[in-house]
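2 protein chains.
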Amino acid sequence: MSGSLSIAGLGPGDPALVTPEVQAALDAATDVIGYIPYVARVAPRPGLTLHPSDNRVEVDRARHALELAAKGAQVVVVSSGDPGVFAMAAAVFEALEDAPQWYDLDIRVLPGITAMLAAAARAGAPLGHDFCAINLSDNLKPRAVIERRVRLAAEADFAMAFYNPRSKSRPEGFARVLQILRETCAPGRLITFARAVSTPEERLTTVTLAEATPEMADMRTVVLVGNSATRRVGPFVYTPRRADAGVTG
Amino acid sequence: MSGSLSIAGLGPGDPALVTPEVQAALDAATDVIGYIPYVARVAPRPGLTLHPSDNRVEVDRARHALELAAKGAQVVVVSSGDPGVFAMAAAVFEALEDAPQWYDLDIRVLPGITAMLAAAARAGAPLGHDFCAINLSDNLKPRAVIERRVRLAAEADFAMAFYNPRSKSRPEGFARVLQILRETCAPGRLITFARAVSTPEERLTTVTLAEATPEMADMRTVVLVGNSATRRVGPFVYTPRRADAGVTG
Chain A
11 MSGSLSIAGL GPGDPALVTP EVQAALDAAT DVIGYIPYVA RVAPRPGLTL
61 HPSDNRVEVD RARHALELAA KGAQVVVVSS GDPGVFAMAA AVFEALEDAP
111 QWYDLDIRVL PGITAMLAAA ARAGAPLGHD FCAINLSDNL KPRAVIERRV
161 RLAAEADFAM AFYNPRSKSR PEGFARVLQI LRETCAPGRL ITFARAVSTP
211 EERLTTVTLA EATPEMADMR TVVLVGNSAT RRVGPFVYTP RRADAGVTG
Chain B
11 MSGSLSIAGL GPGDPALVTP EVQAALDAAT DVIGYIPYVA RVAPRPGLTL
61 HPSDNRVEVD RARHALELAA KGAQVVVVSS GDPGVFAMAA AVFEALEDAP
111 QWYDLDIRVL PGITAMLAAA ARAGAPLGHD FCAINLSDNL KPRAVIERRV
161 RLAAEADFAM AFYNPRSKSR PEGFARVLQI LRETCAPGRL ITFARAVSTP
211 EERLTTVTLA EATPEMADMR TVVLVGNSAT RRVGPFVYTP RRADAGVTG
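Those protein sequence lines, which keep their order, are chains A and B.
Add 10 to a position in the first sequence, counting from 1, and you land on the number used in this note's numbering.
Add 10 to a position in the second sequence, counting from 1, and you land on the number used in this note's numbering.
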């Protein structure tokens, strides 16, 4: 049997959000590779080898997955959420770029429920109009790029989802992003801090931009910023489908 | 038993991409409401009433769903993809805005695999870095807003996903968007036209911006535009996770 490599999204945490396609790939796998807490979500069974690894070794992990698949294993690389959104799919293709001998391997990306859409569903429909997703981590890009992008996104009146908003090692980055939002958006702009959605630690808080503080986010939080028309209805937050010309506030 | 309203995402088409959470809601439903082709994806059974309706009546449909739930029905409103992305969730909250008597109804949004993420997975990882989603339909917003947003997104060097790129009634809109991309991006920029992903009619084509023509898209197509660093590797298209300062091309 020839090998295969699936890069699969486990969704935000709740097993009821894992697609049957991903579950089938896990059931057929000989090897599951990924960051420790994601591999921990896969049930052990005879014939399955789990390969948990630490974070920040994505390309090493990807190379390992490609090697195993090339030797005939049925490999699943697991990501939280969707593997194509700030996760392992791009890392696998980066590793593949250096290894044309593996171009004809059977490689598939299996989508999952990404954090921003799980969080948006819980809040209501804050991403119901045009929106963008920005990774605020500066591990892989300069802060100037992040800040410029946030500024242009506000100018375009996108709703925004921020991944990896804040870490202990660089708490000032998210404070700076909030500052840019204060310079470009009205103080009543709604912001939802959604932590660990669909897990027992889930916590959702919606505040205005004026009320938002950097401490409201940690690395398990996705931050959803409404556009200029986003509003509350009953217990929900939503962004109307309609937009008028000239809205930039 | 008191009523409930779930606004559920059926994913892009393949039943293997419907989450167990959504399937459970459908299994418990007394009434399923939605656009004709989406309701057609739900298996009929005794005790379940299907309410297919035509497009462009989203708010009427949402009001009908709220009324049924208020009377005690277990209602599921179905959308293709994710209900929070250019779909029924925002329409339900719009209807709810006029009807505070329904604020305490049991309303839940159940996320699904949205078209751009299914398409991205099939292509590789073109949305592997910061990206935006723009609905190109001008039913609910002026073309000037769309065009300004595309221009700012290009300036921010977002990868982009375009929903509803082209209809028979307004073919010129997407041509104009391609023109804006030609003014703001290099001619080698990669664009993937992903039609009916995960269905028997699936068709994916990746071309350069120089090669792209308006006819490559129809209303069943989601269009993925890479950022300035998006490239091919083997049979895949991917966007590296890393970005450098000053990239705008």
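Think of the CB as a built atom: it goes at the ideal place given N, C-alpha and C, for glycine as much as any other residue.
Short CB-CB distance (under 7 Å) between residue i and chain A
{"i": "Asp92(B)", "result": "yes"}
{"i": "Leu20(B)", "result": "no"}
{"i": "Arg251(B)", "result": "yes"}
{"i": "Glu77(B)", "result": "no"}
{"i": "Phe203(B)", "result": "no"}
{"i": "Leu162(B)", "result": "yes"}
{"i": "Arg159(B)", "result": "yes"}
{"i": "Lys81(B)", "result": "no"}
{"i": "Arg103(B)", "result": "Looking at the sequence shown, residue 103(B) is not Arg but Phe. So yes, Phe103(B) belongs to the interface."}
{"i": "Glu211(B)", "result": "no"}
{"i": "Ala131(B)", "result": "yes"}
Where the alpha helix (DSSP H) containing residue i begins and where it ends
{"i": "Ala80(B)", "result": "Glu68 to Ala80"}
{"i": "Gln33(B)", "result": "Pro30 to Ala38"}
{"i": "Pro47(B)", "result": "Ile46 to Val49"}
{"i": "Leu127(A)", "result": "Ala125 to Ala133"}
{"i": "Phe96(A)", "result": "No alpha helix (DSSP H) contains Phe96(A), which DSSP labels as neither H nor E."}
{"i": "Val187(B)", "result": "Glu182 to Thr194"}
Presumed contact (8 Å Cβ cut-off) between residue i and residue j, rounded CB distance
{"i": "Tyr48(A)", "j": "Asn65(A)", "result": "The pair is not a contact, with the Cβ atoms about 10 Å apart (cut-off 8 Å)."}
{"i": "Met229(B)", "j": "Thr215(B)", "result": "So it is not a contact: roughly 16 Å between Cβ atoms."}
{"i": "Phe96(A)", "j": "Cys142(B)", "result": "Contact doesn't hold; Cβ gap of about 14 Å is too wide."}
{"i": "Leu200(B)", "j": "Val247(B)", "result": "6 Å"}
{"i": "Phe184(B)", "j": "Arg192(B)", "result": "Actually they do not touch by this definition, with Cβ atoms about 13 Å apart."}
Contact with chain B by residue i, beta-carbon distance below 7 Å
{"i": "Ala143(A)", "result": "yes"}
{"i": "Pro62(A)", "result": "no"}
{"i": "Gly259(A)", "result": "Note that Gly259(A) scores a pLDDT of 39, beneath 50, so its modelled location is shaky; the value from the coordinates is reported in the next line. Judged by the 7 Å Cβ criterion, Gly259(A) is not in contact with chain B."}
{"i": "Pro30(A)", "result": "yes"}
{"i": "Asp140(A)", "result": "yes"}
{"i": "Tyr248(A)", "result": "yes"}
{"i": "Val232(A)", "result": "no"}
{"i": "Ala26(A)", "result": "yes"}
{"i": "Pro121(A)", "result": "yes"}
{"i": "Val155(A)", "result": "yes"}
Limits of the unbroken beta strand (DSSP E) element including residue i
{"i": "Asp116(A)", "result": "Asp116 to Leu120"}
{"i": "Ala171(B)", "result": "Ala169 to Tyr173"}
{"i": "Phe203(B)", "result": "Leu200 to Arg205"}
{"i": "Ile156(B)", "result": "Ile156(B) -> not in any beta strand (DSSP E); alpha helix (DSSP H) instead, spanning Arg153 to Glu165."}
{"i": "Ala143(A)", "result": "Phe141 to Asn145"}
{"i": "Ala18(A)", "result": "Ser14 to Gly19"}
{"i": "Val217(A)", "result": "Arg213 to Thr218"}
{"i": "Pro62(B)", "result": "Thr59 to Ser63"}
{"i": "Gln111(B)", "result": "That residue, Gln111(B), is in no beta strand (DSSP E); it is neither H nor E in DSSP."}
{"i": "Ala150(A)", "result": "According to the sequence provided, residue 150(A) is Leu. The question's Ala does not apply to it. Leu150(A) -> no beta strand (DSSP E), and no H or E assigned at all."}
Residue i and residue j closer than 7 Å at C-beta
{"i": "Ala75(A)", "j": "Val88(A)", "result": "no"}
{"i": "Gly91(B)", "j": "Pro22(B)", "result": "yes"}
{"i": "Ala171(B)", "j": "Met126(B)", "result": "yes"}
{"i": "Asp114(A)", "j": "Ser14(A)", "result": "no"}
{"i": "Leu27(B)", "j": "Ile156(B)", "result": "no"}
{"i": "Val120(B)", "j": "Glu211(B)", "result": "Before going on, a small fix: residue 120(B) reads as Leu here, not Val. It is not a contact, given that the beta carbons lie outside the stated cut-off."}
{"i": "Ala99(A)", "j": "Glu68(A)", "result": "no"}
{"i": "Phe203(B)", "j": "Thr231(B)", "result": "yes"}
{"i": "Ala35(B)", "j": "Ala50(B)", "result": "no"}
{"i": "Pro136(A)", "j": "Ala130(A)", "result": "yes"}
{"i": "Gly198(A)", "j": "Thr223(A)", "result": "no"}
Among the options, the one whose alpha carbon lies nearest that of residue i
{"i": "Arg252(A)", "options": "Pro245(A), Arg241(A) and Ser63(A)", "result": "Arg241(A)"}
{"i": "Ser63(A)", "options": "Pro56(A), Pro136(A), Val42(A) and Glu77(A)", "result": "Val42(A)"}
{"i": "Ala79(A)", "options": "Glu193(A), Arg118(A), Ser177(A) and Phe184(A)", "result": "Arg118(A)"}
{"i": "Asp108(A)", "options": "His139(A), Ala72(A) and Ala34(A)", "result": "Ala72(A)"}
{"i": "Val160(A)", "options": "Ala135(A), Pro181(A) and Val187(A)", "result": "Val187(A)"}
{"i": "Glu182(A)", "options": "Leu20(A), Gly82(A) and Leu146(A)", "result": "Leu146(A)"}
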